[in-house]
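Working notes, beginning with the structure itself.
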Amino acid sequence: QSSQIGDNRLAAVSLNGSYNALFSLFTASGDIKMPALPSVTDTEIYNTMASLYDDNNATYELTPKRQNIILFFLESWSGSLLQPYGAPVQSTPFFDTVLQQSLHPIAAIANGHRTTEGMFAALVSFQNPLEKTVAKTRLQDFEYHSLIDILNANGYSSAFFQGTAKETSGTGSLAQKLGFKKSYGKEDVTTRRYETNYWGIHDQDLYTFAFNKLKHLKEPFVLGINGATTHDDKIPSSVKKIAFVDDEKQNNRLNALHFSDAALREFVSDVKAKFPNTLFVFFADHCGGGQAGNFNNFLIPLAFYGSGIQPHTVDHFASQRDIAPTVLDLVLGDYKKLAPDFSGKSLARDTHFFADYFRNGVFGWIENKRLIEYNPAADATACFDVSSPLPIPVTCTALEKRYKKHALSFGNISQKLLFQGKTGNFHQYRFH
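So in the numbering used here, the last one in the sequence shown is 593, and the numbering has no gaps at all.
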């Protein structure tokens, strides 16, 4: 099922000389519009980009390993439910162990609330349309230079696996639009150990299917895998529940995470035994429901794990946009040369990180362990210390005021290029 997208010529967007406003833009069918953002000046745009990318000249001193790559889009793995990010109980013992042996940030910030938003941010290293997805809209018709495209061009085999139906929310089509040569859904998995949940097959059955397909893929390969166990809060009837907490709904969520984590452990063990030269990238596609506050609705895990990875904590919050640059740095070479239009950073060598989210009209911006939440409609700003994953309110200072300009300037540029179909021009702002 392909997305139905309007005339690309409708994507032409013009800004005035000082970027005073972004004009709303509609397709002929009105399926998506570019948001009007508060005004920023040319000077503010320039100063923001110079500040955000002040590590552009960081020397590339890595020795890339041409590894197999498996990207785990861990369905609805909310960071606030995981013990390494402040949860009171441990429900994911395998991931928690892997995290200690990985390259990872303090935590990561999802760039949306849909699987397709997580895919776009992670693979294209670009901001999504605010509170929207490119999937099944005219934006999907534009050309994007994704991580998978680059790997394909360098001799990689590629395939995407999901535990739900292949075209759930246009996920399968977007996966192939972003470069995956093969796309599989629950309808392709006919051999199953467990009954399905509301959304699809359990992770154990999906991973078994993916592992069997691996035997027929040429190395090196890159896989994307998005399970369905944690899309629901029900585990198979034959699996005994654990009493993590008294609250039944929360306990069900934690049991689903625990069951998903067990499947992950089994699959990673099998892959390491047969394909030892593999880089595993663990991150959530987005958070699940039931999280309190804006920040916790976007807080997700992120870890790069495998042969040759030295355990290291990058003492910053990362964005999903940082995944593709980091992978390229680790497996192919200097991402700034291979993908100069990526807007993210590499955890393997960059030093200045930032992340953002947008929810219910509120911009969230995280930089240097400070979080600002700005509501343009009310012209209200709240500031927080996020040195730990629990936001602590603080008094806003001139520093946070500057971060608000960063949020608006980066958002203006990203949304303008996205809706014009010119994400490939981001280097003009990043390298100036």
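All C-beta atoms, glycine included, are put in the ideal place defined by N, C-alpha and C.
Bear in mind that the values here come from a model prediction, so they are computed numbers and not experimental data.
Strand pairing of N387, partner residues [DSSP]: Q323
T160 versus T294 - alpha carbon distance: Outside the shown range of the chain (162 to 593) lies residue 160, about which nothing can therefore be said.
Beta-carbon proximity of S286 to C448, cut-off 7 Å: no
DSSP state of G240 mapped onto helix, strand, coil: helix
Coarse secondary structure for K343, derived from DSSP in three states: strand
Span of the alpha helix (DSSP H) around L260: 254-261
DSSP three-state assignment for F441, whether helix, strand or coil: strand
Buried or exposed by the 16-neighbour rule on C-beta atoms within 10 Å, applied to F545: buried
CB of W360 within 7 Å of CB of A389, strictly: yes
N315 - DSSP class collapsed to helix/strand/coil: coil
Member of A541, S252, P381, F478 whose CA lies at the smallest distance from the CA of A314: P381
For T474, the nearest candidate out of A464, L312, G585 (CA to CA): A464
Residues bridged to L264 (per DSSP): F465, H473
Simplified DSSP state of G525, which is helix, strand or coil: strand
Residue range of the unbroken alpha helix (DSSP H) whose run includes V492: 484-492
Boundaries (first-last residue) of the alpha helix (DSSP H) holding D422: 409-435
Which listed residue (I533, V250, V547) has its alpha carbon closest to that of A541: I533
Cβ-based burial, L560 [other Cβ within 10 Å; buried from 16]: exposed
Straight-line gap, D490 to I386 (C-alpha atoms, nearest Å): 21 Å
F580 and D502 closer than 7 Å at C-beta: no
Pick from F441, R354, I362, Y518 that is closest to E348, judged by C-alpha positions: I362
As assigned by DSSP and simplified to three states, the class of L579: helix
Buried versus exposed, by CB contacts within 10 Å (16 or more), L453: The question names Leu, yet the displayed sequence has Ala at residue 453. Exposed.
Host alpha helix (DSSP H) of I206 (start-end): 203-213
Nearest to L308 (by Cα), restricted to the options A539, N573, T487: T487
Residue interval of the alpha helix (DSSP H) (run including A282): 276-285
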